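Asker: These protein sequence lines map, in sequence, to chains A and B.
Using my numbering, the letters of the first sequence map in sequence onto residues 2 to 126.
Using my numbering, the letters of the second sequence map in sequence onto residues 212 to 691.
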Amino acid sequence: MASVAAQYLPILLFLGVALLLSTAFVVLPIAVARLTGAHKPSTDKLSEYECGFPAFEDSRMQFDVRFYLVAILFIIFDLEAAFLYPWAVSLREIGWTGWLAMMGFLAELLLGFAYAWKKGALEWE
Amino acid sequence: MGYTASFALSLPEIILSFGAIALMLAAAWAGDKASKAISVIAVALLAGAAASLLGPSGSGGVGYDGLYVADGFSAFSKLLIYVSAAIAIIIAPGFFDREGEMRAEFPVLILLSAVGMGMMVSAIDLLSLYVGLELQSLAAYVLASFLRRDGRSAEAGLKYFVLGALASGILLYGISLLYGFSGGTSFHAVAVAMHAGVGTGLLFGLVFVLAGLAFKIAAVPFHMWTPDVYEGSPTPVTAFFASAPKVAAMGLLVRVAIEAMGPAGDEWRQIMIFCALASTILGAVAAIGQTNIKRLMAYSSINNVGFALFGLVPGTAYGASGVLTYMTVYIAMTLGSLLCILQMRDAEGNPVETIASLSGLSRTRPGLAAAFAVFMFSLAGIPPLFGFWPKFMVFDALVDVGMWPLAMIGIATSVIGAFYYLKIVKTIYFDEPSDVRFVPLRSTTEGVLILIAALFVSPLGYFTVPLLGKATLDAATALF
């Protein structure tokens, strides 16, 4: 009997993962809020505020997209640097293949950087 | 195998990636004026990559120390992918020029996505699989939000990105489990470990990997992103999403299921049966209430993916060839329908997307209405049209291994699906004309493409059966 049930384990797991992920994100925050606090909504409670004051402006404020551009470029080059360390210490083992692969990677990155530069991603004004 | 031989195997990817990088620089320096020239070169590169499949990159075997394979299966899938990608590039300028948003980066992104898709269908290692999948997805996220000033397009891109990242995480977690419990990342190592016995760890890995891949092909229960993304994306991008990435992800799924998880066939078969049934049923039922034609096409694609999955369930070469045949005919039907939708513009040139406004199309644009009706009948799988053939093949493969109850349920869901396809035909031909005046055809290229697709899915398509049957069977046999 147990072996018959075990045969259907994959489908159970699959459904479990599907259900769990979709419900957890929806139910969990609501449930935790309800269980840990008293639920007495009023107009004052439901209205938005900033540090005790009524909101000064719309909270969906527009950020300058340039901040994101700089952040993205920083992450790319930060990762590149992180990638270079393990490559550098193991260069003896990986030999010319490893050296060429990294040079290919760097060249590709450089071309991407040239694109970003030409497009004006580095200019603030 | 030396490096030269390995490079020769991946010649299509090399052509496309070098070309894409060169075009990217051209796009930066020449600007959006050059977008037409860049589109032409991009299509030529795709043609070159397809032509290179005739050489060792079509059937050369394993390269890069077991990370990459060039066999009949990958060559057939790549051919479909390159054709769909080329069509997406060809139809884009007509759409974006009107919005003043045609940018030179569009063909470059499609090319990069094509490189990723080529890697997906050629991957025989969990790591090259993941790299290919991510390369395809990253380009797709940008393409979804290509109309930057359109709120819906931005929303589609963001939704696709967030949910796609979640799916990649699930997939990567599954890959880490498979690696941990099998001791290798190659499909062969996973298959060897599974042959020795599918323990709980491998089982969890299998489930997570299949969940991640089910997201990419938009099979129920991982389909929820599809309607929003298809509706919000610019129509040429929707056409691209519904064709090339579907073929790539389906090819990847077939290869993973058969080459890596083949010994665990009984385990994944249950999952495939569930996904296939759920996708066909939900795709058919949820489409009935839709009012937006692009949203309806999203549910139609969910429905069709379900039917293609039926071909994978038996785990036989004939079944896998059914999947390939299904995808071939499916991309002709879906690209044809979306090309027709692309043509639907009112007198001011604004795209018309509601189904109700299609009424009267048969009076103002009889040719377009006829083509659209052919695609709808074919998607519904009505016998004289070619859309019937792949459905027949996948169910035949099921009956071959004695799974006829499943085949019968599948046929029943196909009947439910026929309802909403026929409803559109009824709207086009029999409803009172709406006040939307459709403008005449502007682009002969698009007209020719619609004509070719319509002829292929018409009963004339059966003339391709001997050729298509042999090609898909050869491709599928390469997996076994």
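Here a beta-carbon is modelled for each residue, glycine too, at the ideal position from N, C-alpha and C.
On a predicted model such as this, the values are computed, not experimentally measured, just so you know.
Using a C-beta to C-beta distance shorter than 9 Å, which residues of chain A count as neighbours of P432/B?
Answerer: Within the second sequence, residue 432/B is the residue found at index 221, counting from 1. Per Cβ cutoff of 9 Å: F15, L16, A19, L20 and S23.
Asker: Confirm, please, whether the CB-CB distance from F597/B to G669/B is below 8 Å.
Answerer: Mapped onto the second sequence, residue 669/B falls at position 458. Mapped onto the second sequence, residue 597/B falls at position 386. The sequence shown places Ser at residue 669/B, not Gly. Yes; because the gap between Cβ atoms is below 8 Å, this pair is in contact.
Asker: Beta-carbon within less than 6 Å of S295/B's beta-carbon, same chain only, minus the 5 sequence neighbours each way: which residues are those?
Answerer: Position 84 of the second sequence, counting from 1, holds the residue named residue 295/B. Here the set comprises S454, A455 and I542.
Asker: May I ask you to report which of helix, strand or coil DSSP gives D282/B?
Answerer: Numbered from its first residue, the second sequence carries residue 282/B at position 71. Three-state result, D282/B: coil.
Asker: If you compare alpha carbons, which of G416/B, P594/B, R314/B and T411/B is closest to G380/B?
Answerer: Counted from its first residue, the second sequence places residue 380/B at position 169. Comparing Cα positions, the closest option is G416/B.
Asker: Are the region 383–403 of chain B and the region 353–367 of chain B in contact at 8 Å, needing three or more beta carbon pairs?
Answerer: Result no; under three Cβ-Cβ pairs closer than 8 Å.
Asker: Is there a C-beta anywhere in chain B that falls below 8 Å from the one on L80/A?
Answerer: In the first sequence, counting from the first residue as 1, residue 80/A sits at position 79. So, not an interface residue.
Asker: Identify, in the order they occur along the chain, each residue of the same chain with its Cβ nearer than 8 Å to the Cβ of I226/B, setting aside the five sequence neighbours on each side.
Answerer: Residue mapping note: residue 226/B aligns to position 15 of the second sequence, counting from 1. Only L256, G259, A260 and S263 meet the Cβ criterion.
Asker: Thinking C-beta only, is V465/B closer than 8 Å to F452/B?
Answerer: Indexing the second sequence from 1 puts residue 452/B at position 241. Indexing the second sequence from 1 puts residue 465/B at position 254. In this structure, V465/B does not lie closer than 8 Å to F452/B by Cβ.
Asker: In this structure, does DSSP put A39/A in helix, strand or coil?
Answerer: Counting from one through the first sequence, the residue named residue 39/A turns up at place 38. If DSSP states are grouped into helix, strand and coil, A39/A belongs with coil.
Asker: Classify Q501/B as buried or exposed, calling it buried when 16 or more other Cβ atoms lie within 10 Å of its own Cβ.
Answerer: Within the second sequence, residue 501/B is the residue found at index 290, counting from 1. Buried: at least 16 other Cβ atoms inside 10 Å.
Asker: Using a Cβ-Cβ cut-off of less than 9 Å, list which residues of the region 365–398 of chain B approach chain A; keep chain order.
Answerer: Answer in chain order: L377 and I381.
Asker: G272/B lies in the beta strand (DSSP E); which residues open and close that run?
Answerer: As a first step, residue 272/B is located in the second sequence; it is residue number 61 there, counting from the start. G272 to G274 is the extent of the beta strand (DSSP E) around G272/B.
Asker: If we ignore side chains and look at the alpha-carbon of each, how far apart do L85/A and D607/B end up?
Answerer: In the first sequence, residue 85/A corresponds to position 84, counting from 1. In the second sequence, residue 607/B corresponds to position 396, counting from 1. Looking at the two C-alpha atoms, the distance is approximately 54 Å.
Asker: Determine whether the beta carbon atoms of A498/B and L488/B lie at a separation below 8 Å.
Answerer: Counting from 1 along the second sequence, the entry for residue 498/B is found at position 287. Counting from 1 along the second sequence, the entry for residue 488/B is found at position 277. Not a contact, by the Cβ cut-off of 8 Å.
Asker: Along the region 472–484 of chain B, what residues have a CB closer than 8 Å to any CB found in chain A?
Answerer: So the list reads D477, E478, W479, Q481 and I482, given in the order they occur along the chain.
Asker: Got a sec, what are the start and stop residues for the alpha helix (DSSP H) G259/B sits in?
Answerer: As a working mapping, residue 259/B is identified with position 48 in the second sequence. Start and end: S246 to S263.
Asker: Check the C-beta distance from L424/B over to A460/B and give it rounded, since I have them as a contact under 8 Å.
Answerer: To locate residue 424/B, count along the second sequence from 1; it is residue 213. To locate residue 460/B, count along the second sequence from 1; it is residue 249. At roughly 6 Å, the Cβ-Cβ gap stays under 8 Å, so L424/B and A460/B are in contact.
Asker: Using a Cβ-Cβ cutoff of less than 7 Å, which residues in the same chain neighbour H40/A once the five nearest sequence positions on both sides are dropped?
Answerer: Taking the first residue of the first sequence as 1, we reach residue 40/A at position 39. Correct list: empty, nothing qualifies.
Asker: Indicate the three-state DSSP secondary structure (helix, strand or coil) for M565/B in the structure shown.
Answerer: Here residue 565/B refers to the residue found at position 354 of the second sequence. Sequence check: residue 565/B is Thr here, not Met. Of the three classes helix, strand and coil, the one that applies to T565/B here is strand, per DSSP.
Asker: Roughly how many angstroms separate the alpha carbons of V409/B and G526/B, rounded to a whole number?
Answerer: Position 198 of the second sequence holds residue 409/B. Position 315 of the second sequence holds residue 526/B. Taking the straight line from one Cα to the other gives about 18 Å.
Asker: Ends of the alpha helix (DSSP H) at H434/B?
Answerer: As a first step, residue 434/B is located in the second sequence; it is residue number 223 there, counting from the start. H434/B -> no alpha helix (DSSP H), and no H or E assigned at all.
Asker: For chain A, check one thing: does any of its Cβ atoms lie closer than 8 Å to the Cβ of F415/B?
Answerer: Here residue 415/B corresponds to residue number 204 of the second sequence, with the count starting at 1. It does; some Cβ of chain A falls within 8 Å.
Asker: State buried or exposed for W100/A, treating a residue as buried only when at least 16 other CB atoms are found within 10 Å of its CB.
Answerer: Looking up residue 100/A in the first sequence gives position 99. Exposed, by the Cβ-count rule.
Asker: Closest to S270/B by CA distance: which of P562/B, F284/B and D276/B is it?
Answerer: Counted from its first residue, the second sequence places residue 270/B at position 59. The option with the nearest alpha carbon to S270/B is F284/B.
Asker: Going by Cα to Cα distance, which pick from F649/B, L290/B and I321/B is closest to G578/B?
Answerer: In the second sequence, residue 578/B corresponds to position 367, counting from 1. Of F649/B, L290/B and I321/B, the residue nearest in Cα terms is F649/B.
Asker: Sort out for me which residues DSSP pairs S397/B with in a bridge.
Answerer: In the second sequence, residue 397/B corresponds to position 186, counting from 1. BP columns for S397/B point to D336/B.
Asker: Roughly how many whole angstroms lie between the Cα atoms of M2/A and P595/B?
Answerer: The count along the first sequence starts at 1 and reaches residue 2/A at position 1. The count along the second sequence starts at 1 and reaches residue 595/B at position 384. With a pLDDT of only 47 at M2/A, under the threshold of 50, the placement of this residue in the model should not be trusted; the figure read from the coordinates follows. Those two C-alpha atoms are separated by around 49 Å.
Asker: For R466/B, name the three-state secondary structure that DSSP assigns.
Answerer: Here residue 466/B refers to the residue found at position 255 of the second sequence. Residue state, collapsed to three classes: helix.
Asker: DSSP puts V556/B in a beta bridge; with which residues?
Answerer: For this step, residue 556/B is matched to residue 345 along the second sequence. Going by the sequence as given, residue 556/B is Arg instead of Val. The partner list for R556/B (beta bridge, DSSP) reads P562/B.
Asker: Give a yes or no on contact between the region 477–496 of chain B and the region 430–437 of chain B, applying the rule of three or more CB pairs nearer than 8 Å.
Answerer: Yes, the region 477–496 of chain B is in contact with the region 430–437 of chain B.
Asker: Go ahead and pull the three-state DSSP assignment for M2/A.
Answerer: Locating residue 2/A in the first sequence gives position 1, where the first residue counts as 1. Below a pLDDT of 50, predicted positions are generally treated as unreliable, and M2/A, at 47, falls in that range; the measurement from the model is reported next regardless. Here M2/A sits in coil by DSSP.
Asker: Just by C-beta distance, which residues in the region 215–240 of chain B are closer than 7 Å to chain A?
Answerer: Those would be I232, M235, L236, A239 and W240, in chain order.
Asker: Run down chain A in chain order and give the residues with a C-beta less than 9 Å from the C-beta of T315/B.
Answerer: Translated into positions along the second sequence, residue 315/B becomes position 104. Before going further, note that residue 315/B is Ala rather than Thr in the sequence given. Under the 9 Å cutoff, chain A gives no residues; its nearest Cβ is about 11 Å from A315/B.
Asker: Report yes or no: is there a C-beta of chain B within less than 8 Å of the C-beta of A122/A?
Answerer: Sequence index remark: in the first sequence, residue 122/A carries index 121 (1-based). With 8 Å as the cut-off, A122/A does not count as an interface residue toward chain B.
Asker: Using Cβ-Cβ distances below 8 Å, what residues of the region 572–587 of chain B are close to chain A?
Answerer: Listed by position along the chain: nothing, the set is empty.
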